[in-house]
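So the sequence lines, in the order shown, correspond to chains A and B. The numbering of the first sequence is our numbering, which starts it at 153 and goes up by one. The numbering of the second sequence is our numbering, which starts it at 10 and goes up by one. Don't be surprised by glycine CBs; every beta carbon is placed ideally from N, CA and C.
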Amino acid sequence: MIIEKEICIGCKRCQLYCPMECINYNENQRKCEIDLDECVECGICLRSNVCTTDALKQQELDEMRKLRQTFSNPLIPHKTTSVPGRGTEEMKTNDVTGRFRRGHVGVAIELGRPGTGTRFIDVEKVAMAVALIGVTFEMFNPVTDLMVNKATGKIKDDVLNEKVLSAIVEFDVDIDKLEKVLLATKQVANNVDTVFSVDLACRLDQDNTSPAESIAKKLGFEPYITGKTNVGLGRPLFKEGE
Amino acid sequence: MTHTLHRRGTYENLKNDYVIFAIAAQTVNAKGTAPLFQDFYNIVNKYDPVNIGDMVTGNMYSLSKSVIENGTKDNSIFHAVFTDVETVVKVLKDLKEANLGLSIVVSGILKHVDKCCSEAGIQRHTVENSLGILGNTKKLPTEKVLQINTMCGHGMIAFNLIEYMAEMIKMGKKTAKEAAEELASQCHCGIVNPVRVAAILEEMAKLSVTERD
Ligand code: SF4
Ligand code: SF4
């Protein structure tokens, strides 16, 4: 995103809307300007329609700026998914796809969330830490698409310094490896310059409980009282073992 | 795309916050589902949701409900937000009976949602738990700002804008309802609960900026 200096009247109204706080007021010029290294191309400032002079402009984006945009603007679908947004269908359609089966856990580690943004250098640190344990990165996830090695979690060098609103490291792991994954996640949390939100998606056991939740609690995690429940009304229902 | 997960709050302010949404599996049953999302709309809309939105069009605070209803596509993700469990049960019963074949997900206090499913005669299939926030948590704002920010999983509501709205209420320049609906309009998918936002903003507005930590 850019601000056309000639048109900007320096009212600062747009500043409040920027989640990356990268719209700065230039005291000498009495106008606002965008720090493009910090701007993630989320488009929120423009969509909020607060600029009365139309000074905010979506510039033509090169490949790297487009990458920022696809990870930051939920209105732009990524080429590896058919749904808008920066993630995948994950457990939302698990009743129909059978993506997470009994004995497996889906793990999503969303870097930059809430509200802080992330560079891919930190995304790579987390991906490489969990890859050591032996996980299967989700094929249709935009972060997996950036990996040069899906066994090690190594991400393309040329994108490592790019900043995005958030990026999700998403994988499937055997339930007996979940403990190691969660310990590695705690460890790598000390080495990143951002925050991340962690979640576990698990097919419920016959007794209506989640074995993944019990493992997390045993390790000292305190799962939120809220969560997402796929209520199993999707059809055709996926039948395990068929 | 865990956009309705990770909602932070207290038991007291989360017990009025439930998102019900519909989605089709793009590789299995999505073809031709656009009209089914309109059926979903007709069911949820009967029960006066406090927010409605489709990821492919937008939310009811930035578009009219009819634009959202008529804009459904095969890759829609259609959301409705409710403030009580009694309504969640009614919606689930209707959805079970309608047998749309779309996957239905409910976000909210897990124990309550489990109970709602039992009452509606539904067996839960898969659950997603949030384990919270790790990493450099010094970068995070105050808890109340986080409670509002995390209602939009795509991070469309800037921390500063939330503080600003609390100040506007404090100065009498906006009502809590106006401020909450303005924040809700930022969340494209329509998953923000403006009733809950208004209550949190009102609490913030009672305090000075330094007291809000
Ligand atoms: S596009 Fe997003 S990050 Fe960039 S200036 Fe606008 S609001 Fe800020
Ligand atoms: S809202 Fe428009 S005129 Fe005002 S500071 Fe931002 S870009 Fe400039």
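Handout entry: Residue-chain proximity (B/V114, chain A), Cβ-Cβ < 9 Å
Key = Taking Cβ atoms only, chain A reaches closer than 9 Å to B/V114, which makes this a yes.
Handout entry: C-alpha distance - A/Q210 paired with B/Y70, whole-angstrom precision
Key = When only Cα atoms are considered, A/Q210 and B/Y70 end up about 24 Å apart.
Handout entry: Euclidean distance between Cα positions of A/P171 and B/L119
Key = Looking at the two C-alpha atoms, the distance is approximately 29 Å.
Handout entry: Cβ contact (3+ pairs, closer than 8 Å) linking the segment 190-210 of chain B and the segment 166-178 of chain B
Key = Enough Cβ pairs lie closer than 8 Å, so yes.
Handout entry: Shell residues, 5 Å Cβ cut-off relative to heavy atoms of ligand 1
Key = Here the residues come out as A/M153, A/C170, A/M172, A/I186, A/C191, A/V192, A/C194, A/I196 and A/C197.
Handout entry: Limits of the alpha helix (DSSP H) - the one that B/M174 falls within
Key = F168 to K179 is the span of the alpha helix (DSSP H), which, as asked, contains B/M174.
Practice task
Output yes if chain B places a C-beta closer than 9 Å to the C-beta of A/L309; else output no.
Solution key: Sequence inspection shows Asp at residue 309 of chain A; the Leu mentioned does not correspond to that position. Contact with chain B is absent for A/D309, since none of that chain's Cβ atoms lies less than 9 Å from the residue's Cβ.
Exercise for the section: State the Cα-Cα distance for the pair B/S127 and B/H121, rounded to the nearest angstrom. Expected result: Those two C-alpha atoms are separated by around 10 Å.
Exercise for the section: Identify each residue in the segment 130-146 of chain B for which the Cβ-Cβ distance to at least one residue of chain A is less than 9 Å, and report them in chain order. Expected result: For the segment 130-146 of chain B, which is checked against every Cβ of chain A, the residues closer than 9 Å are I131, Q132, R133, H134, T135, V136, E137, N138, S139, L140, G141, I142, L143, G144, N145 and T146.
Exercise for the section: Report buried or exposed for A/F390, applying the criterion of at least 16 other Cβ atoms within 10 angstroms of its Cβ. Expected result: Buried is the call here.
Practice task
Within its chain, find whatever has a CB closer than 8 Å to the CB of B/Y20; leave out the 5 residues flanking it on each side and keep chain order.
Solution key: Short of 8 Å from the beta carbon of B/Y20, and not among the five residues preceding or following it, lie these beta carbons of its own chain, in chain order: I118.
Handout entry: 7 Å Cβ shell around B/F49 - same chain, five flanking residues per side excluded
Key = Closer than 7 Å at Cβ, skipping near neighbours: A31, F87, L109 and L111.
Exercise for the section: Measure the alpha-carbon distance for A/R251 versus B/A33 and round it to whole angstroms. Expected result: Approximately 14 Å, taken between the alpha carbons.
Practice task
In the DSSP assignment, find the unbroken beta strand (DSSP E) run with A/S349 in it and report its ends.
Solution key: For A/S349, the uninterrupted beta strand (DSSP E) run begins and ends at V347 to R355, by DSSP.
Practice task
Say whether the segment 180-188 of chain A touches the segment 153-167 of chain A, bearing in mind that this needs 3 or more beta-carbon pairs closer than 8 Å, one atom from each stretch.
Solution key: The segment 180-188 of chain A makes contact with the segment 153-167 of chain A, as at least three CB pairs between them are under 8 Å.
Exercise for the section: State whether the segment 87-107 of chain B contacts the segment 306-317 of chain A, with contact taken as three or more CB pairs (one from each stretch) at a distance under 8 Å. Expected result: Between the segment 87-107 of chain B and the segment 306-317 of chain A, the count of Cβ pairs shorter than 8 Å is below three; the stretches do not touch.
Problem - Beta carbon proximity, B/P7 to chain A, threshold 9 Å - result: A question about residue 7 of chain B goes unanswered here, because the residues of chain B that appear run from 10 up to 222.
Exercise for the section: List in chain order: all unbroken beta strand (DSSP E) runs of 3+ residues lying wholly within the segment 61-106 of chain B. Expected result: Scanning the segment 61-106 of chain B from its first residue to its last, the whole beta strand (DSSP E) runs of 3-plus residues come out as 86-91.
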